[in-house]
Each structure stands twice: as C-alpha cells, then as structure tokens.
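J.:
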Amino acid sequence: MDRRRRSVRERLKLWGRYQVGFIGSYTMGLEMVRLQNQLRHAVDETVLKVNSRLCRQLEEQYQKVREKVEAAAGLLREARDSDAAIEEVRGGIEKERTRLLEFLTQEVQENLRSIEGSAEINQLIDLLMERFRKLADGTVESFQIVEEEDLPGREGEVPEEGELKIAPVRAVVRAYLEGGLTHRLGDVNGIMLGQVRELETGIEELLQSAGFSLGNVVVELREVGKSPTDLVPVALSRLQRALEGFQGHYQKVLEGNKETEERVVKEVADTARLLRQLVLEETVREMRRKIENRKEGAVRRRLRGLRQTDLSRERRRPAEKEKPSEPIESLPQREEEIAEGEAGRAEALDYEGILDLEGELSQRVPFAYRRLFRTTPLEVSEFLAGRSGALGTIETACRRWRQERFSSVVIIGEQGSGKTSLINCAMEQKLKGLPLVRHRIDKGVLNEGTFVQLLNGLLDMQGTDLADLERKIADSHERRIVLLEDLHRLHLRALGGLGLLKRFLEFIDATGGNILWLISIEQAAWQYLDHIQKVSRHFAFRIETGHLSRQELEGAIMARHRATGYRLGFTPAEGGREEGQESLRRAFFDRLNRASGGNVFSAIFYWLRSVEGVEGDLLKIKPLEELRLEFLQALPLNELVYLAMIVQHGGLTAEDFTAIFRIPQGEGRTRLTHLERLGVLKREGEIYVINQILYHPIVTQLQKRNLFK
69 MDRRRRSVRE RLKLWGRYQV GFIGSYTMGL EMVRLQNQLR HAVDETVLKV
119 NSRLCRQLEE QYQKVREKVE AAAGLLREAR DSDAAIEEVR GGIEKERTRL
169 LEFLTQEVQE NLRSIEGSAE INQLIDLLME RFRKLADGTV ESFQIVEEED
219 LPGREGEVPE EGELKIAPVR AVVRAYLEGG LTHRLGDVNG IMLGQVRELE
269 TGIEELLQSA GFSLGNVVVE LREVGKSPTD LVPVALSRLQ RALEGFQGHY
319 QKVLEGNKET EERVVKEVAD TARLLRQLVL EETVREMRRK IENRKEGAVR
369 RRLRGLRQTD LSRERRRPAE KEKPSEPIES LPQREEEIAE GEAGRAEALD
419 YEGILDLEGE LSQRVPFAYR RLFRTTPLEV SEFLAGRSGA LGTIETACRR
469 WRQERFSSVV IIGEQGSGKT SLINCAMEQK LKGLPLVRHR IDKGVLNEGT
519 FVQLLNGLLD MQGTDLADLE RKIADSHERR IVLLEDLHRL HLRALGGLGL
569 LKRFLEFIDA TGGNILWLIS IEQAAWQYLD HIQKVSRHFA FRIETGHLSR
619 QELEGAIMAR HRATGYRLGF TPAEGGREEG QESLRRAFFD RLNRASGGNV
669 FSAIFYWLRS VEGVEGDLLK IKPLEELRLE FLQALPLNEL VYLAMIVQHG
719 GLTAEDFTAI FRIPQGEGRT RLTHLERLGV LKREGEIYVI NQILYHPIVT
769 QLQKRNLFK
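In structure tokens:
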C-alpha cells in the first residue's frame, strides 16, 4: 500500500510539474505579445514620430521655395508684357533675383542645416537604445516551460521524469533589442539625414539655375540691349526646368521617408513570434550545456577516483625515476616528427605550394596592370567600392564632435576587408585639414607604461599613466582626432590579458570630449570582446567593412580595370559550349563572389590569377579556378584552435602564442613554424599572421567546426 501511495504521489508530482510548465509556456506567449505592443509604442514615440515630423518640416520648406520660385516666374511674365522702360524692368528683375537668392541661402539653407543638426535626429539611436533597455529590464527574467513534444504521446501514459526547461526570456530580449534590432535600425537616423541632404542638393541646384536665369536677363538687358520679349521666354523655360528638378529631389525625400517608415514597421512586425523562437532556441542550448556540464563533472569525479587509486598503487610500488609531465595541449614534441608528418600530409593532400601562388602572377599579368590591382590598402577613394555610407558616418561623427558631443568611431572588419583603405580615403575626403594623428599598433601591447609612452608620442604630452594623461588632456583643452588602428593588439586571451584594454576603453570615454577617437579592430576580436566586455558601449558609431555584394565586388574590379585602358575578353571553359561575352562575364563574377566570400583581397587575387594573357590591347580572362584546399579540411582540431586564436588576435608572436596555450616558447615556435611551412601562416617580423590568400577558407573551416560564429 505504501509503495502504491508513493507511486501515485510521484505521478502527481510529474503531472504537477508539467502543469507548471504549460502555464509557463502560455504566460511566456502573453509576455511576448505584451512586449511587442510596448515595442511598437516605443518605436512610434521615437523613430516614427521623428520621421513624421521631419516629413512635415521638409514639406514646409519645399512649399515655401516653390511659392518663391513661382513668384519670380510671375514677375518675369509681367516684365515681358510691361510697357515700362528697360532700366525699370531690369531693376525689378535684379531685386527679385536678390530676394530669391537671399531667401534660399539665408532662410531655407539655414533651416535645413538646423534640421540636420537637430538632437532628435542625431540622438535618435541613443534614445531608442534607452527605451529598449527599459523594455528589457521590465521583462520577466525567465519562465519554466514545457513544450508539446515533451508530453507522452498516448492517453493514459505517464510523463517520464525530467526537468522543466528554463526559458531565459530577459537575457534573450535584451540581446535581441540592444543587439540585433538596434543594429538593424542603426542607420535609420542616417536615412533621415539623407532626406535632408537630398533637399539641400535640390536647393543648391535651384540656386545655381535661378541665379543664372535671372542674372542673365539682367546682364543682357543692361549690356546687350535686348528686349524683355526676347529674353524672358528663355529664362522662364530654365526656371521651370529648375523647379521640376527641385520637385524631383523632393519626390526622393518622400520616397526616403516612406522607406524609413516601412522598414521600421517591418522590423518590429512579428516580434512576438521571433522572440519566442529565439527564447526556445536558447533554452535548448542551455539544456545541452547543463547536460554537458553534468557529463564533464561525472568524468572529472571518475578521473579523481582513478587518480586516487593509481596514487595508492604507486605508494605500494618501489620508487621509480620521475619523468616530467606533459601539458594537456601538447603536440608531437620533436621538430623532426613535425617535419615528417608535414611532408606526409603535403603528399597525401595534394598540397600545391601556396607560398608560390603570388609569384606565378608576374608571368602572365603586365606590371602596370598589377600595380593598379595591388592588394595593399588604397590611398585614394577612386577605387573604393561600397563604402559611401561608412564615409558618411565618419562625417557625421566629425560634425557631432565639433559640437563637443561624444562621437568615437570603431571600424570593424576581417583581414583584407578594407579597413585601412577606408581610413585612408576618410583622411582624403572627410578629415582633410583637421588636427589629426595616426598610429597602427603593429605588435601586442599589454603593459600600461609602454602604451602610455606610445600615446605620449602621439599627443605630444608627458603622462606617467593613463589617469595622469587623462588629466593633462582635460587641462590642455586641445582638440584633435586620433586614428588608432588594430585595437585587438591590446588584449591577449591569457591570464591578465584584458586589463590594459579595459583601462584604455575607460580612457576613451573620459577623453571623448577633447579627442575624436577612430579605432579599427579585427572582426573576430570584436565579437569575442563585445561578448565578454561589451566594448560596443564605448563607441558612438560602429562601421563594419563587411563582405561586398556581388555587384559591389564587380564594381571594384571593373573600376580598376577601366583605368588600365585594356579591352576585356572572357574565354569559355575548355570543352564548354560557346557563349556570349555578357554571359561569360556574369558567370565569372558569380563564381568570383562565391570564391572570395565578398572579401576584396581574395577577389583581386582570384582576378589576377584568372588573367590568361595579353594580346595587343586585349586582356584575356579564363574561367576562375578555385584553389585546391582539401588539406584545410584535414587539419586536426588542435591546429584549427591555433588558427582560431591567430585570427582573433590578428596575428601572434611566438611569445604570445605560448602564453595563451601555456607551453614552452621553443615548442610554441615549432608549432607556428609547422603551420608556416604548410602555407597557412605568413611571418611579418616577429608576428605570425594568416596567409591572406587563405583567410576566407580558413575562417569558413573554423565556422564549420564551431570555433567561430
């Protein structure tokens, strides 16, 4: 009887647990709906309200301008039909021209500048992030849930014993709102500013056209002696075309305003379903982590038991000569073993001499052509593709900084994605004439004293530490721009390897009023550091030199090619069917986009590698052949981990490498040399970096093995 009672109680507990889970699932669904409604309200009160107000403001300016231009056209018609003296007519037109130009420059352009610099537009994302933070804070932290598939399949079945899933709602909501949604809406204020600039462009064109049309009538009436009947029709025609052009710009403003509204509504729509899906996915991952942790705990307990048993046995044995223990991460210890394994792998995997690939280009590609297609960073913006938005962001940051607002910028991108080219072109286009210093951190710095010496040299100051330097910057009141490249070199994934980076980020916050910081960093390092330290909080603007689209990639290649003067001919594949040049061209760039992954460096390399030869002024391009990289797939997991660390740090010295993996320095150098011989690493001074030719396929392989996101 007691056993039966216990069984009934256990069953009731299980059913009670599942009842709690069902209530939790239902309540979580209601919470998601509530959150979506609050999110819509927050967006209505911020983005959509500002966008609507902006539309009304620009419409007001448009209507005023149109009325003034039509009034000027009306005066011209009166002058054409007037019997007054020529001098009187000329004087009236000249006064109208002056009034119109003063109105456009002193009133309309000033109003547009005021709208463009308004806080509600420029601080829109800050306001949105604050609203999102409050929404996330007000969300229930977690729910105990059960899903339908966790229940018994047939009536009368008793559910098996098991834990309810914990759905971490608040954490997922915060990550989605402050990360995903904010990132996707991050350029909304830029689109709004684009509406203002579109109307400003229309005003500029109208100024030139109206000023010339009316001014030409005045000059010819005074100096040539023509009659208003001859001159006015031409001026009216020009003025009408100018007004139509201005209306065209205003139409683009309306389209941009509508696009902003539609985009925001689309992003917010269906939030409840999406958040529920994200929460459930994170719930499953959390359950798996718990299971893995339990397994690891059981293994560790078993190992401890085995060690205790072994220790007891050792105590009963005669003492033996001690041997040094090996670190857990150890690989083959002797260099000759590694060399032997390397040779065998090269033969088995058809390793094709990656290090000599660049040298092959000189045999087929003209020197002048290779100079235009060099893979070093661009110095001018002529060939910069897909970066107009990034340059606009830097311009906006400069304008905010002049208003003494915190405007630090971080430029994020993988190796070969064009971070340095963007900085070069920003200096040429947007930062010219401004007080500016630039430095690239070319090797790892973890010591504050060493880093302060570097900053002292850049800022022409004598600080003893970052705190002292911060005070000196505040006291000097001197304002300047500091371009600091490769921020990732201030951290190391080893004990104590984040201290300097943390202090420097706080230093950026403290000095942002005097200094506009423009920082670049490797994408993999950013993802890691933002995950563990939330480094994005220290920057007002984030620029990602992500992968170029297929069209942008073709544009970047063809812009360089057109400058060479060569005609272009695509040859069909051997044994392939005859196709027209346009078809061959499309097929080539489709494959180039896939092979390069949108990386500019890789695309240029593959393009040069596809040059078949030159016949007169015709450059012949053969079908693209991707590198044979089977050996990457066969790299053991420990070597992939080494490559992941090198990618994340943007390169490592042997000393830093051994600090991360806690192995002797000689052994660390041997392992790096091994990867260098394979061609996956290149040595730049003391630093081992990923071979740029292989960067994209290596990262792809790391992602497949779940070593990168």
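In this text, residue positions in the sequence shown follow this note's numbering: the first is 69, and each later residue adds one. Glycine included, C-beta positions come from ideal geometry on N, C-alpha and C.
From I766 to Y710, what distance separates their C-alpha atoms?
T.: Sequence index remark: in the sequence shown, residue 766 carries index 698 (1-based). Sequence index remark: in the sequence shown, residue 710 carries index 642 (1-based). Spanning the two alpha carbons is a distance of roughly 12 Å.
J.: Spatial neighbours of T579 within its chain, please: C-beta separation below 7 Å, excluding the five flanking residues on both sides.
T.: Counting from one through the sequence shown, the residue named residue 579 turns up at place 511. Closer than 7 Å at the Cβ level, and outside the excluded window around T579, lie E538, I541.
J.: Use the C-beta contact count for Y763: other C-beta atoms within 10 angstroms, 16 or more gives buried, fewer gives exposed.
T.: As a first step, residue 763 must be located in the sequence shown, where it is residue number 695. With 16 or more Cβ atoms within 10 Å of its Cβ, Y763 is classed as buried.
J.: Since I believe L566 is in contact with H559 (beta carbons under 8 Å), could you give me their beta-carbon distance rounded to a whole number of angstroms?
T.: Position 491 of the sequence shown holds residue 559. Position 498 of the sequence shown holds residue 566. 5 Å between Cβ atoms; contact.
J.: Quick one: using the 10 Å Cβ neighbour count with 16 as the cut-off for buried, is Y130 buried or exposed?
T.: As a working mapping, residue 130 is identified with position 62 in the sequence shown. Label assigned to Y130: buried.
J.: How is I766 classed by DSSP in three states: helix, strand or coil?
T.: As a position in the sequence shown, residue 766 is number 698, starting the count at 1. Helix at I766.
J.: What's the gap between the Cα of D112 and the Cα of I600?
T.: Indexing the sequence shown from 1 puts residue 112 at position 44. Indexing the sequence shown from 1 puts residue 600 at position 532. Their Cα atoms are separated by approximately 32 Å.
J.: Taking DSSP as the reference, what is the three-state secondary structure of A235?
T.: For this step, residue 235 is matched to residue 167 along the sequence shown. A235: strand per DSSP, three-state reduction.
J.: Leaving out the 5 sequence neighbours to the left and right, which residues in its chain are closer than 6 Å to R635 when beta-carbon positions are compared?
T.: Indexing the sequence shown from 1 puts residue 635 at position 567. Excluding positions up to five away in sequence, the list reads D685, L686.
J.: Under the three-state reduction of DSSP, which class applies to H507: helix, strand or coil?
T.: Against the sequence shown, residue 507 aligns to sequence position 439. Three-state DSSP puts H507 in a strand.
J.: Between R148 and the rest of its own chain, which residues show a CB-CB distance below 7 Å, the 5 nearest in sequence each way excluded?
T.: Numbered from its first residue, the sequence shown carries residue 148 at position 80. If we look at R148 and ignore the five residues flanking it on each side, its Cβ neighbours are P296, T297, V300.
J.: Flag this pair as touching only if the stretch 269–289 and the stretch 308–318 have three or more C-beta atom pairs under 8 Å; answer yes or no.
T.: Yes, since at least three Cβ pairs between the stretch 269–289 and the stretch 308–318 fall closer than 8 Å, the two stretches touch.
J.: What number of angstroms, rounded off, separates the C-alpha of L423 from the C-alpha of G719?
T.: Here residue 423 refers to the residue found at position 355 when the sequence shown is read from its first residue. Here residue 719 refers to the residue found at position 651 when the sequence shown is read from its first residue. Bear in mind that a pLDDT of 43 at L423, under 50, signals an unreliable position, so the number given afterwards is only what the model happens to contain. The straight-line gap from Cα to Cα measures roughly 18 Å.
J.: Skipping 5 residues on each side, what residues in its chain have a beta carbon closer than 8 Å to that of T173?
T.: Translated into the one-based positions of the sequence shown, residue 173 becomes position 105. Same-chain partners within the cutoff: L275.
J.: Compute the Euclidean distance between the alpha carbons of G753 and L740, then round it to the nearest angstrom.
T.: In the sequence shown, counting from the first residue as 1, residue 753 sits at position 685. In the sequence shown, counting from the first residue as 1, residue 740 sits at position 672. If I take the Cα positions, the gap works out to 14 Å.
J.: Specify, as a first and last residue, the run of the alpha helix (DSSP H) that E273 falls within.
T.: Numbered from its first residue, the sequence shown carries residue 273 at position 205. It spans 256–287 - the alpha helix (DSSP H) in which E273 sits, taken as one unbroken run.
J.: For R737, collect the residues of the same chain with a Cβ closer than 7 Å to its Cβ; drop the 5 residues on either side in sequence, then sort them by chain order.
T.: Translated into the one-based positions of the sequence shown, residue 737 becomes position 669. A722.
J.: What residue ranges within the stretch 638–725 form continuous beta strand (DSSP E) runs of no fewer than 3 residues, ordered along the chain?
T.: Correct list: 679–683, 686–689.
J.: Whose C-beta lies closer than 6 Å to the C-beta of W594 among residues of the same chain, with five residues either side of it excluded?
T.: Locating residue 594 in the sequence shown gives position 526, counting from the first residue. Taken in chain order, the residues that qualify are I480.
J.: State buried or exposed for I761, treating a residue as buried only when at least 16 other CB atoms are found within 10 Å of its CB.
T.: Counting from one through the sequence shown, the residue named residue 761 turns up at place 693. With 16 or more Cβ atoms within 10 Å of its Cβ, I761 is classed as buried.
J.: DSSP state of I480, grouped into three classes?
T.: Counting from 1 along the sequence shown, the entry for residue 480 is found at position 412. Reduced to three states, the DSSP call for I480 is strand.
J.: Please classify D554 as buried or exposed, where buried requires at least 16 other C-beta atoms within 10 Å of its C-beta.
T.: The residue given as residue 554 occupies position 486 in the sequence shown. With 16 or more other Cβ atoms within 10 Å, it is buried.
J.: For S588, which beta-bridge partners are listed by DSSP?
T.: If you number the sequence shown from 1, residue 588 lands on position 520. Paired residue(s): I479.
J.: Give a yes or no on contact between the stretch 518–528 and the stretch 467–484, applying the rule of three or more CB pairs nearer than 8 Å.
T.: no
J.: Going along the chain, which residues of its own chain have a beta-carbon closer than 7 Å to the beta-carbon of L196, five neighbours each way excluded?
T.: Numbered from 1 along the sequence shown, position 128 holds the residue referred to as residue 196. Correct list, in chain order: T114, V115, T250, L253.
J.: State the beta-bridge partners of R751 as determined by DSSP.
T.: In the sequence shown, residue 751 corresponds to position 683, counting from 1. In the DSSP output, where bridge partners are listed per residue, R751 has Y756.
J.: Grab the span of the alpha helix (DSSP H) containing V779 for me, first residue to last.
T.: Outside the shown range of the chain (69 to 777) lies residue 779, about which nothing can therefore be said.
J.: Which residue comes first and which comes last in the beta strand (DSSP E) that contains I213?
T.: Along the sequence shown, read from residue 1 onward, the residue named residue 213 stands at position 145. For I213, the enclosing beta strand (DSSP E) has its first and last residue at 211–213.
J.: So which of G262, L107, N257, L289 has the shortest CA-CA distance to R201?
T.: Taking the sequence shown and counting its residues from 1, one reaches residue 201 at position 133. Measuring from the Cα of R201, the nearest candidate turns out to be L107.
J.: What first and last residue would you give for the beta strand (DSSP E) that runs through I12?
T.: Here the chain covers residues 69 to 777 and nothing more, so residue 12 does not appear.
J.: With DSSP as the reference, please indicate the residues paired to R635 in a beta bridge.
T.: The sequence position of residue 635 within the sequence shown is 567, counting from 1. The partner list for R635 (beta bridge, DSSP) reads L686.
J.: Taking only three categories from DSSP, how would you classify I761?
T.: Residue numbering aside, residue 761 sits at position 693 when the sequence shown is read from its first letter. Note: I761 maps to helix in three-state DSSP.
J.: Out of curiosity, what's the CA-to-CA distance linking Q87 and P236?
T.: What you label residue 87 is simply residue 19 of the sequence shown in a count that begins at 1. What you label residue 236 is simply residue 168 of the sequence shown in a count that begins at 1. Straight-line spacing of the CA atoms in Q87 and P236 works out to 19 Å.
J.: Quick one: what's got a C-beta closer than 8 Å to L267's C-beta in the same chain, skipping five residues either side?
T.: In the sequence shown, the residue the question calls residue 267 occupies position 199. The beta carbon of L267 is closer than 8 Å to those of L126, Q129, Y130, L180, H317, Y318, V321 in its chain, skipping five residues each way along the sequence.
J.: Is the beta carbon of L775 sitting closer than 9 Å to the one on F699?
T.: Locating residue 775 in the sequence shown gives position 707, where the first residue counts as 1. Locating residue 699 in the sequence shown gives position 631, where the first residue counts as 1. Result no, Cβ atoms of L775 and F699 do not sit closer than 9 Å.
J.: If I follow the unbroken alpha helix (DSSP H) through R145, where does it start and stop?
T.: Here residue 145 corresponds to residue number 77 of the sequence shown, with the count starting at 1. R145 -> alpha helix (DSSP H) spans 117–149.
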